[in-house]
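*Asks:* This is the structure I have questions about; it appears just below.
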Amino acid sequence: MSKGLTESDHPDAGEYDYNLLIIGGGSAGVAVAKEASSLGQRVLLLDAPSPHGNTRNVSGCGVSVLKKLMQQAALLGQSLKDSAAYGWKLQQPVAHSWSELTDALQQRVKELSFDRRQELRRHGITFLHAHAELLDPHTVQATDTKGEQASHTAETIVIATGDEPHYPDIPGVREHCITCDDLFFLPHSPGRTLVVGDTGEALEVAGWLFGLGMKEVVVMRPSHPPEDSDHKVLRKLESHMYVQGVKFTYGYTLTKVEQMEVGSPGKLRTTASPPGGILADEGEYNTVILAMGRDACTQGLGLERVGVKLNQSTGKIIVNDEDQSSVSHIYAIGAVQEGQQPHAGLSMQAGRLLAQRLYGGKHTKCERSSVPTVLFTTMEYAACGLTEETAGQRFGHSNIEIFHEHYWPQEWSLPRRNKNSCYAKVICHIPDNHRVLGVHVLGPSAGELIQGFVTALSGGLTKEQLDATVGLHPVSAEVLTNLTHTQRETEAMLVQGNC
């Protein structure tokens, strides 16, 4: 490795190779690159090669797109079952080809990657497919896929390397398990599958597999839902999946994975510690999928060498409210930022606003109070604003009123699908004129439905305004305009035995 320059050795800003150098070609990195280039800056974007060649690429949205498409594949399976109720006569049994699906998914990501590369070229952005390492505060060494190295200097550096699936320190896990990201590249049907994790990803994967015809899908989850989710809605989602046929085990901890047979798929033996940990429980599966969270991609970047401070427990970069690290000209955005959840839309917004603050004379910071989220489960769950648990902790449970309702989408009526699965709830702050703090929807296309409420919440939406909104009949979103039942009333009726 060549000797790096010290801070005092560097030339004036105009003599750097680039005004802005971005490490990471995901949603955040591409967004800041495009915006900075449009504002007249010389920009270099470095993106590390993927171990699969496709999942972490310059498309910046590969995994998110794959999730949406996998969900659609599973939904089509349900639609085929529903079609008879609408008069469709299928002439022969319909089979699903796993390999054709994964081939199509990979081809779509390649198309997105190619399109994004072309877009970067049109913006005049230099892109290199290379691993990046900081040699000093303004110099980055790029190592390409052939091992060739070159150094580049920049006045400002942005770290946007994203995250990757977490592997726990459990015997046999790395050798025999796959992650959610790997599933999209699995060349054969996974067969009997164990999904391990307390994340939304675990529910997404289990729902897709069951929807695609994998009848033996088991989800191993801890006793308590993740803190950043609305516990009651998540439990409703799990209950719906259980009724459909997905199996759940709660409180078990995976302790070992062993290979019994090699094949496509092979056979694995899992050992898990049950609640109380008295006797180990063993199971046999064809595939074990890890959905146990994600780790920030900050290793090997040379951040400690140049003084960028990390949270040692999470590996994420500590920043201020300007996305600025402990080194004044080095910024971090997206999933590598401490306190930031993986969210492609938020990452893109953060990237654009950072570039505007750096080069456009603006001061707008990213609005994070009503960021929408979505789980691409077959029963989609979307939300914006606060969860019930967070609202209660912040304002006091006595100051919170929750309006809720189960609903039945019209498209479910002919095939007679479960009436009590879909659900909507609105969380209000009583002292503040019943201002809406959170909106949660569990049902078909919930993500599409929730988008407009993000703007409404940012504008201070109240329950009175929501009630005054004319509902579009007979679509599912109509349920949010006529919520009259409160959670307190429902709970009281349950206690009295009237419900």
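Position 226, counted from 1, in the sequence shown is what our numbering calls 230; the numbers after and before it change by one each time, with no gaps.
Glycine residues also receive a C-beta, built at the ideal position from the N, C-alpha and C atoms.
Count the other CB atoms, across all protein chains shown, that sit within 10 Å of the CB of D325; report buried if there are 16 or more and exposed otherwise.
*Replies:* Exposed, because fewer than 16 other Cβ atoms sit within 10 Å of the Cβ of D325.
*Asks:* Is M383 buried or exposed, if buried means 16 or more other CB atoms sit within 10 Å of its CB?
*Replies:* Flag for M383 reads buried.
*Asks:* Can you give the Cα-Cα distance for G306 and Q111, rounded to whole angstroms?
*Replies:* Spanning the two alpha carbons is a distance of roughly 34 Å.
*Asks:* Determine the burial state of T459: buried for a count of at least 16 other Cβ atoms within 10 Å of its Cβ, exposed for fewer.
*Replies:* Classification of T459: exposed, given that the 10 Å Cβ count is below 16.
*Asks:* Please report the distance separating the alpha-carbon of P279 from that of S243.
*Replies:* Cα to Cα, P279 sits roughly 20 Å from S243.
*Asks:* Would you tell me roughly how many angstroms separate the C-alpha atoms of V113 and G451, rounded to the nearest one?
*Replies:* Whole-angstrom Cα-Cα distance: 22 Å.
*Asks:* Using 10 angstroms around the beta-carbon of H3, count the other beta-carbons present and answer buried if the total reaches 16, otherwise exposed.
*Replies:* In the structure displayed, the chain extends from 5 to 503; residue 3 sits before or after that span and is not available.
*Asks:* What are the complete beta strand (DSSP E) segments, minimum 3 residues, inside the region 276-360?
*Replies:* With a minimum length of 3 residues, the continuous beta strand (DSSP E) runs that stay inside the region 276-360 are 285-289, 291-294, 298-300 and 334-336.
*Asks:* Which residues in the same chain as Y20 place their Cβ atom closer than 6 Å to its Cβ, once the five residues preceding and following it in sequence are excluded?
*Replies:* Correct list, in chain order: T157, A158 and E159.
*Asks:* Could you pull the start and end residues of the beta strand (DSSP E) that Y246 belongs to?
*Replies:* Note, Y246: premise wrong, no beta strand (DSSP E); alpha helix (DSSP H) at H235 to Q248.
*Asks:* Give me the Cα-Cα distance between T473 and K236, rounded to the nearest whole angstrom.
*Replies:* Cα-Cα distance, rounded: 26 Å.
*Asks:* Short of 7 Å in beta carbon distance, which residues of its chain neighbour E208, apart from the five on each side in sequence? Order them along the chain.
*Replies:* Hits under 7 Å: K71, L379, F380 and T381.
*Asks:* Measuring alpha carbon to alpha carbon, tell me which residue in S277, H438, E104 and R121 is nearest Y256.
*Replies:* Nearest of S277, H438, E104 and R121 to Y256, Cα basis: S277.
*Asks:* Alpha carbon to alpha carbon, how far is V98 from L358? Give it in angstroms, no decimals.
*Replies:* Cα to Cα, the separation comes out at about 50 Å.
*Asks:* Using the beta-carbon count (16 or more within 10 Å), is Q75 buried or exposed?
*Replies:* Buried is the call here.
*Asks:* With H, G and I counted as helix, E and B as strand and the rest as coil, what does DSSP make of I434?
*Replies:* Three-state DSSP puts I434 in a helix.
*Asks:* Can you find the residues in the same chain that come closer than 7 Å, C-beta to C-beta, to Q45, ignoring five residues on each side of it along the sequence?
*Replies:* Same-chain partners within the cutoff: N23, L24 and Y363.
*Asks:* Is the beta carbon of N290 closer than 8 Å to that of T183?
*Replies:* Against a cut-off of 8 Å, the Cβ pair of N290 and T183 comes out as no contact.
*Asks:* F457 by DSSP, collapsed to three states: which one?
*Replies:* Helix at F457.
*Asks:* Under a Cβ-count criterion, where at least 16 other Cβ atoms within 10 Å of its own Cβ denotes burial, should F131 be classed as buried or exposed?
*Replies:* Classification for F131: buried.
*Asks:* Quickly, what does DSSP pair A78 with across the bridge? List them, please.
*Replies:* Looking at the DSSP assignment, A78 forms no beta bridge with any residue, so it has no partner.
*Asks:* Let me make sure I understand the geometry here. Which of W92, A89, Q122 and H489 has the alpha-carbon closest to that of V430?
*Replies:* Residue H489 is the option with its Cα nearest to V430.
*Asks:* Hey, would you say A336 sits closer than 8 Å to V323, going by beta carbons?
*Replies:* Going by C-beta atoms, A336 is nearer than 8 Å to V323.
*Asks:* On the DSSP bridge assignment, give the partners of V69 in chain order.
*Replies:* Answer is none; V69 lacks a bridge partner.
*Asks:* Are I334 and I163 closer than 8 Å when you measure CB to CB?
*Replies:* Contact flag set, yes.
*Asks:* Determine the closest residue to V106 out of V479, A146 and A77, with distance taken between C-alpha atoms.
*Replies:* With the sequence shown as reference, residue 106 is identified as Thr, and Val is not the correct amino acid for it. Comparing Cα-Cα distances from T106 to each of V479, A146 and A77, the minimum goes to A77.
*Asks:* Go through its chain and collect everything with a Cβ distance to K395's Cβ below 7 Å, but skip five positions before and after it.
*Replies:* Note on residue identity: the sequence assigns Ala, not Lys, to residue 395. Taken in chain order, the residues that qualify are I404, I431, L441 and G442.
*Asks:* Taking only three categories from DSSP, how would you classify D21?
*Replies:* Coil at D21, not helix or strand.
*Asks:* Out of E493, T494 and I434, point me to the one whose CA is closest to L465's CA.
*Replies:* That would be I434, whose Cα lies nearest to the Cα of L465.
*Asks:* Identify, in the order they occur along the chain, each residue of the same chain with its Cβ nearer than 6 Å to the Cβ of P226, setting aside the five sequence neighbours on each side.
*Replies:* Around P226: D202.
*Asks:* When the Cα atoms are used, what is the spatial distance from V62 to S117?
*Replies:* Residue confidence for V62 is low, a pLDDT of 43 falling below 50, so the modelled location carries little weight; the figure read from the coordinates is stated next. Computed Cα separation, rounded: 6 Å.
*Asks:* Can you give me the start and stop residues for the alpha helix (DSSP H) that F399 sits inside?
*Replies:* Segment E392 to F399, the alpha helix (DSSP H) holding F399.
*Asks:* At the level of alpha carbons, what is the spacing between T165 and L49?
*Replies:* Going from the Cα of T165 to the Cα of L49 covers about 11 Å.
*Asks:* Within a Cβ cutoff of 7 Å, which residues of the same chain sit near E205, ignoring the five residues on either side of it in sequence?
*Replies:* The answer, listed in chain order, is C184 and A295.
*Asks:* If distances are taken between C-alpha atoms only, which option among M352, K240 and G128 comes closest to G33?
*Replies:* Residue M352 is the option with its Cα nearest to G33.
*Asks:* Can you name the start and end residues of the beta strand (DSSP E) that A146 belongs to?
*Replies:* A146 -> beta strand (DSSP E) spans T143 to D148.
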